[in-house]
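Only one structure is covered here, and it is reproduced in the block below.
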Amino acid sequence: MHKTKNSKLPVLAIDLGGTKIAAALIAPDNRVMDKAHSPTLASEGLQPVINRIFSTIDRLLSQGNTSPAQLYGIAIAAAGAIDTSKGLVTSSPNLPGWFDVPLRDMVGKRYGVNTCLLNDASAAALAEHRLGAGRGTSNLIYLTVSTGIGGGIIIDGELYSGTSGCAGELGHMTIDANGPECGCGNRGCLEVLASGKAVASDAKRRIKEGEKSQITDIVSGDLEAITAEKIALAAQDGNRLALEIISRAAGYLGVGMVNLVNIFNPEMIIVGGGLSKMGELLLAPAREVVRERAFPLCAGAVRIVTAGLGDDAGVLGAALYARL
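For the sequence shown, the working numbering begins at 268 and goes up steadily by one.
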């Protein structure tokens with residue numbers, strides 16, 4: 268690997284999630300120079316996803332007429348429990364078959380450049396703190412509510428990584444000890460109750476049980492095509508079932524936030540990810556739960572807002588982390 272780091276060179280950042288692989292060239296001034304995307308197709312298993320990561324990187328380098336030697340480094344933000352010091356994806360509920368995968372070294376060896384690996388939501392937290400909705404705050408929690416639920420923690424202006432580098436697995440706090448089984452193997456996690464996958468599953472179950480909804484028309488009767496995005500469309504039209512499903516997920520999200528508010532006493536909770544595009548439909552009920560259940564002193568200090576950087580938060584945060 269080349270060891271000389273020229274601060275004027277761009278970082279190639281990867282955001283690996285359960286649904287898509289996003290890659291971007293990030294300039295030293297945090298400008299997004301170019302992008303490439305691929306579907307993750309995580310159900311195909313480990314090696315096909317690794318191959319798609321490589322092909323996405325290759326495509327981005329080709330688009331920008333850039334060689335690996337012209338990079339400051341490669342930074343990967345990945346979903347799951349990440350051992351940052353060893354560069355391992357130790358496990359990831361939304362990446363089936365990923366256990367102790369040395370992703371940092373696999374990518375670094377292939378491209379011959381310095382490479383780092385961190386959790387995707389931690390990367391987004393760093394980006395939102397430095398560049399987005401959290402600018403000017405010292406203590407914040409970032410929650411990404413998407414296919415799964417992840418989190419990142421900023422304490423006294425610094426990203427908190429924990430002892431093993433895997434702090435921030437906020438989607439796997441237990442909300443209901445006897446709840447449904449989560450992809451992580453636990454029961455009643457916030458993720459299995461309030462994620463995009465959970466919202467879609469709830470809608471499919473209730474419609475199969477005989478409830479009528481505009482959601483069925485939106486997906487032309489194909490219940491397997493139901494997504495959180497389609498449910499949000501129905502909710503915006505005032506559909507009762509869609510509103511109930513989102514309200515239920517928002518209530519669970521609020522309970523999770525109560526725990527975070529009482530434990531961390533943050534100035535801000537920033538909500539990103541696909542479900543954050545629902546805006547007040549999701550956040551207003553969650554805020555109400557926090558107001559009712561959290562300690563008043565802590566609840567009065569926190570603002571709960573949507574993220575400011577959209578889909579670029581992961582790649583921007585990864586690039587920031589590479590330059591720390």
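Built from N, CA and C at the ideal position, the CB exists for glycine as well.
Could you tell me which residues DSSP puts in a beta bridge with residue i?
i: residue 535; result: 407, 570
i: residue 419; result: 409
i: residue 287; result: 306
i: residue 426; result: 421
i: residue 454; result: 448
i: residue 292; result: 279, 301
i: residue 441; result: 456
Please report the distance separating the alpha-carbon of residue i from that of residue j.
i: residue 603; j: residue 511; result: Shown here, the chain extends from 268 to 591; a query on residue 603 therefore has no answer.
i: residue 268; j: residue 565; result: In this prediction, residue 268 scores a pLDDT of 43, lower than 50, which makes its location untrustworthy; no coordinate-derived value is stated.
i: residue 350; j: residue 428; result: 10 Å
i: residue 394; j: residue 386; result: 13 Å
i: residue 579; j: residue 398; result: 11 Å
i: residue 381; j: residue 298; result: 21 Å
i: residue 276; j: residue 522; result: 43 Å
i: residue 517; j: residue 496; result: 15 Å
i: residue 467; j: residue 459; result: 11 Å
i: residue 274; j: residue 369; result: 26 Å
i: residue 300; j: residue 332; result: 12 Å
i: residue 536; j: residue 581; result: 17 Å
i: residue 343; j: residue 353; result: 13 Å
i: residue 307; j: residue 367; result: 19 Å
i: residue 270; j: residue 489; result: Only weak support is given to the placement of residue 270: the predicted model assigns it a pLDDT of 47, under 50, and the question is left unresolved by the model.
i: residue 588; j: residue 480; result: 45 Å
So which of the options has the shortest CA-CA distance to residue i?
i: residue 283; options: 274, 304, 276; result: 304
i: residue 492; options: 437, 421, 463, 319; result: 463
i: residue 346; options: 487, 380, 435; result: 435
i: residue 287; options: 302, 569, 366, 273; result: 302
i: residue 422; options: 563, 532, 559, 477; result: 532
i: residue 313; options: 338, 363, 279, 322; result: 363
i: residue 281; options: 315, 487, 323; result: 323
### Message
Between the segment 371-383 and the segment 292-310, can you find at least three pairs of beta-carbon atoms closer than 8 Å?
### Response
Flag = no, the segment 292-310 and the segment 371-383 do not touch.
Next item on the list: Evaluate contact between the segment 539-549 and the segment 487-505, counting only Cβ atoms and requiring at least three cross-stretch pairs below 8 Å.
Entry: Touching, per the Cβ criterion.
Ignoring anything shorter than 3 residues or poking outside the segment 331-413, list the beta strand (DSSP E) runs there in chain order. With a minimum length of 3 residues, the continuous beta strand (DSSP E) runs that stay inside the segment 331-413 are 340-345, 348-350, 355-358, 366-368, 382-386, 407-412.
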